[in-house]
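Undergrad: Numbering (this note's numbering), first residue to last: 7 to 247. Every residue, glycine too, gets a C-beta built ideally from N, C-alpha and C. Note that this is a predicted model, so its numbers are computed, not measured.
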Amino acid sequence: MLVIGLTGGIATGKSTVSALLRAHNVPIVDADVLARKVVEPGTPALAAIVRAFGAGVLRADGTLDRAALGARVFADGAQRATLNAIVHPAVRREMCWAVLRCWWHGERVCVLDVPLLIEGGLWKWVAKVVVVYCSAELQLQRLMKRDNSSREDAASRLNAQLPIAEKVQYADVVLDNSGSLQDLERQVDQLVQRLVKEAGWTWRLSWLCPPLGVASAVWTISWRALRRSQKASSRKKSGQR
Ligand SMILES: CC(C)(COP(=O)(O)OP(=O)(O)OC[C@H]1O[C@@H](n2cnc3c(N)ncnc32)[C@H](O)[C@@H]1O)[C@@H](O)C(=O)NCCC(=O)NCCS
Ligand SMILES: Nc1ncnc2c1ncn2[C@@H]1O[C@H](COP(=O)(O)OP(=O)(O)OP(=O)(O)O)[C@@H](O)[C@H]1O
């Protein structure tokens, strides 16, 4: 099974791309959805959030007050790091189970929609990194319109992530979402055709000879992980110069 990492900046259009991929019957594992699930009432993560941030981040019905917590963590890097340390391990666990379920159901491709794919290091472990791009200004405009938020609020969320221009450097495939939705749809159609083709041979191999299929999957993942860490360290070095 081909595991693809889909990412981008906030409001560059990941969810729009996910919806288009779903229409092609591609299974999507959405990290934002999992991040909501792991903080539902009664979960260890929600209890840890209350310990770290106080009961002020809960609504009267015991659910997380996302707006209140968002206002705090997007304005302060240290508080964001505290929240990430609570939520991210739980999200990663859920994501592993979701990928295993896809594999168990015989899927050829599985797409992980993860806003912080690059920041969290998961990009090293997927077969392909797909980045949805639009300019930072367009990102701000779309974010303000979608969330009905001020420029200041939108900018604080945008600044909580690696700039989109940097994320693009990690991409195997860039989907340019600067144009119309029809334009994006065309790019997604082409991506699906490419993924189906690439997943096909791995699939056939694993059916013809399962040990060879497993060996080829392990080899591909290790080889890609190695190449990506080399790429990352050379990026770091050139950034230091
Ligand atoms: C702070 C929270 C409560 C705000 O909730 P809210 O409903 O307003 O936003 P939502 O969860 O829909 O996220 C919207 C977008 O914000 C961005 N974002 C969310 N969390 C973070 C973060 N910790 N760092 C940077 N960007 C983030 C992502 O692009 C995401 O798609 C929530 O985002 C959260 O729990 N974040 C921590 C978990 C996380 O990192 N989620 C991202 C995927 S793992
Ligand atoms: N090509 C486009 N033209 C106009 N509007 C668009 C286009 N693509 C996406 N949008 C709009 O921009 C907003 C952001 O898109 P979307 O929600 O898909 O981004 P996202 O990357 O998933 O955001 P987040 O990081 O917050 O989850 C949405 O309101 C969406 O309808």
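#1: Where does CYS215 fall in DSSP's three states?
#2: Below 8 Å on the Cβ atoms is my guess for PHE80 versus ARG163; work out the distance and round it to an integer in Å.
#3: Whole angstroms is fine: what's the gap from ALA177's alpha carbon to ALA54's?
#4: Any heavy atom of ligand 1 inside 7 Å of the beta-carbon of ASN183?
#5: Does the Cβ-Cβ distance between ALA37 and ARG148 come in under 8 Å?
#6: In the DSSP output, which residue or residues are listed as bridge partners for VAL138?
#7: To the nearest angstrom, how far is it from the Cα of ARG152 to the Cα of ASN183?
#8: Run the proximity test for GLY62: is its beta-carbon closer than 7 Å to any non-hydrogen atom belonging to ligand 1?
#9: Go through the residues and name those whose CB comes closer than 6 Å to any heavy atom of ligand 2, in chain order.
#10: How is the beta strand (DSSP E) around ASP36 delimited, first residue to last?
#11: If you draw a straight line from the C-alpha of PRO95 to the C-alpha of ALA66, how long is it?
#12: Report, in whole angstroms, the separation of the C-beta atoms of VAL194 and LEU8, which I expect to be a contact under 8 Å.
#13: Among LYS20, TRP129, VAL93, which residue has its Cα nearest to the Cα of LEU187?
#14: What are the uninterrupted segments assigned as alpha helix (DSSP H) that are 4 or more residues long and contained completely in the region 36-93, given in chain order?
#15: Go ahead and label TRP109 buried or exposed: buried means 16 or more other beta carbons lie within 10 angstroms of its beta carbon, across all protein chains shown.
TA: Based on what the coordinates show:
#1: coil
#2: 5 Å
#3: 34 Å
#4: no
#5: no
#6: GLY14, LEU181
#7: 16 Å
#8: no
#9: GLY14, ILE16, ALA17, THR18, GLY19, LYS20, SER21, THR22, ASP38, PRO121, ARG148, ARG152, ASN183, SER186, LEU187, LEU190
#10: 34-36
#11: 27 Å
#12: About 16 Å; that fails the 8 Å criterion.
#13: LYS20
#14: 37-43, 50-59, 72-79
#15: exposed
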